[in-house]
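In this text, residue positions in the sequence shown follow numbering that gives the first Met the number 0: the first is 0, and each later residue adds one.
Beta carbons are placed, not taken as given, at the ideal position from N, Cα and C, and that holds for glycine.
Predicted model only: the values in this text are computed from it and were never measured.
Take a look at the structure below.
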Amino acid sequence: MELRQINDAAVFHQAVRRFQAQCPTGSVADNCYLLPHKVAALVAQGRLYQMVLQGGQALAFLVDEGPFYRVHLFVPQQGPHHLDRMRADKPLLAEVVYQDGRMAPRSALLMQALEAGGFQLHQVNRQFRLPIPPLSVLQPKLDALHRRSIQEGFTLTSAQAEDFGQICALWKAYLDPYAFSYATPQQWQEELQAGRLQCIKDGTGAVVAAQQFSLEGKTSQESHLVVAPPFRGRGLARVMYHRWLYSAAQAGCVNAFCWIARDNAPSLAFHRDFIPSNKLSAQYVRTF
């Protein structure tokens, strides 16, 4: 199948509008959450492509994530839904979001179309929303956890450029390869400079835990939290979580989001202990 690199954000928006106009009712089901500023950034980075599908019965955009493409798919809500089998030079990944306890018809339709296109279910993740406590609550907890980690010989710090190789090795060793968000070197440099990448080192200076997070408006999202197996159960994840939430609260964020694989029982138990269960709300993401 032909991939066409998109060199102008207007091409993306025009293709979406044209496809919607061609659908029987003008309504489409899609898993695309690319806001205009994100589309513009992907175009500037040379990472956005359109996959040419035969018959015009679906519209597909691919984002180059390094070792795989992330698929943003549009299909008519009123059929037909005979999607061509999709192939590319790298693995294809598609995600479908639905709310806890219910499956919207649009989500079911997208899953049907993806399976027709040769996709198979890889895993199911849950996204949790965590209300961010005030600084007055976070500060004493963070201080106590930080003192404990120092007493045990660990150092919590914002990552520096020289730490990045160890952090990547840790992520690639223990994260699902299709859960890892691969950014460009320039983006990673921006993350480092902004302090949105933190790590914990042992007494030898080796990175034994790492975490990335975003700060956008009133929302912060945590990702890529990994503690090396020999150092688990020692409170390192907890101190990083408090430091992340403290940074988010300082930036004026009111909600935080994190992802947990459905079958990751230890991570789920950690989050339910960290935030009262009545404060947890979830949506699911099925990865194909």
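task: Pull up the distance between the alpha-carbon of residue 190 and that of residue 240, whole angstroms please.
output: For this step, residue 190 is matched to residue 191 along the sequence shown. For this step, residue 240 is matched to residue 241 along the sequence shown. Approximately 17 Å between the Cα atoms of the pair.
query: So what does DSSP say about residue 127, is it helix, strand or coil?
result: Residue 127 sits at position 128 when you count from the first residue of the sequence shown. Strand.
query: Where do the N-terminal and C-terminal ends of the alpha helix (DSSP H) with residue 167 fall, by residue?
result: Taking the sequence shown and counting its residues from 1, the one referred to as residue 167 is at position 168. Element bounds for residue 167: 163-173.
- prompt: Which residue or residues does DSSP assign as beta-bridge partners of residue 73?
  reply: Looking up residue 73 in the sequence shown gives position 74. Residue 73 is bridged to 29, 58.
message: For the structure I just gave you, are there three or more beta carbon pairs, one from the stretch 118-131 and one from the stretch 42-54, closer than 8 Å?
response: no
- request: Would you mind giving the Cβ-Cβ distance between residue 169 and residue 123, rounded to the nearest angstrom? I have them listed as a contact below 8 Å.
  value: The residue labelled residue 169 in the question sits at position 170 within the sequence shown. The residue labelled residue 123 in the question sits at position 124 within the sequence shown. No, residue 169 and residue 123 are not in contact; Cβ-Cβ is about 24 Å, not under 8 Å.
query: Relative to the C-alpha of residue 85, which residue among 149, 2, 36 is closest?
result: Looking up residue 85 in the sequence shown gives position 86. If we check each option's Cα against that of residue 85, 2 comes out closest.
task: Determine the direct distance from the alpha carbon of residue 12 to that of residue 26, and round the result to whole angstroms.
output: For the purposes of this step, residue 26 is identified with residue 27 of the sequence shown, where counting begins at 1. For the purposes of this step, residue 12 is identified with residue 13 of the sequence shown, where counting begins at 1. So the two alpha carbons sit approximately 16 Å from each other.
- prompt: Do you know whose CA, among 64, 106, 203, 115, lies nearest residue 290's CA?
  reply: Residue 290 lies beyond the residue range present for the chain, which begins at 0 and ends at 287; the question has no answer from this structure.
message: Using 8 Å for Cβ pairs, my map puts residue 231 next to residue 144. What's the rounded Cβ distance?
response: The residue you call residue 231 lines up with position 232 of the sequence shown. The residue you call residue 144 lines up with position 145 of the sequence shown. Incorrect: roughly 16 Å between the Cβ atoms, too far for contact.
query: Would the stretch 154-163 and the stretch 106-121 be scored as touching if the rule is three or more Cβ pairs under 8 Å?
result: no
query: Between which two residues does the alpha helix (DSSP H) containing residue 5 stretch?
result: As a working mapping, residue 5 is identified with position 6 in the sequence shown. No alpha helix (DSSP H) holds residue 5; DSSP gives it neither H nor E.
- prompt: Who are residue 221's beta bridge partners in DSSP?
  reply: Start at 1 with the first residue of the sequence shown, and residue 221 comes out as number 222. In the DSSP output, where bridge partners are listed per residue, residue 221 has 212.
- prompt: Looking at the unbroken alpha helix (DSSP H) that takes in residue 111, where does it start and where does it end?
  reply: Residue numbering aside, residue 111 sits at position 112 when the sequence shown is read from its first letter. Taken as a continuous stretch (DSSP letters only), the alpha helix (DSSP H) holding residue 111 covers 104-115.
Proximity of residue 71 and residue 22 at Cβ, strictly below 8 Å: Locating residue 71 in the sequence shown gives position 72, counting from the first residue. Locating residue 22 in the sequence shown gives position 23, counting from the first residue. Not in contact: residue 71 and residue 22 (Cβ atoms no closer than 8 Å).
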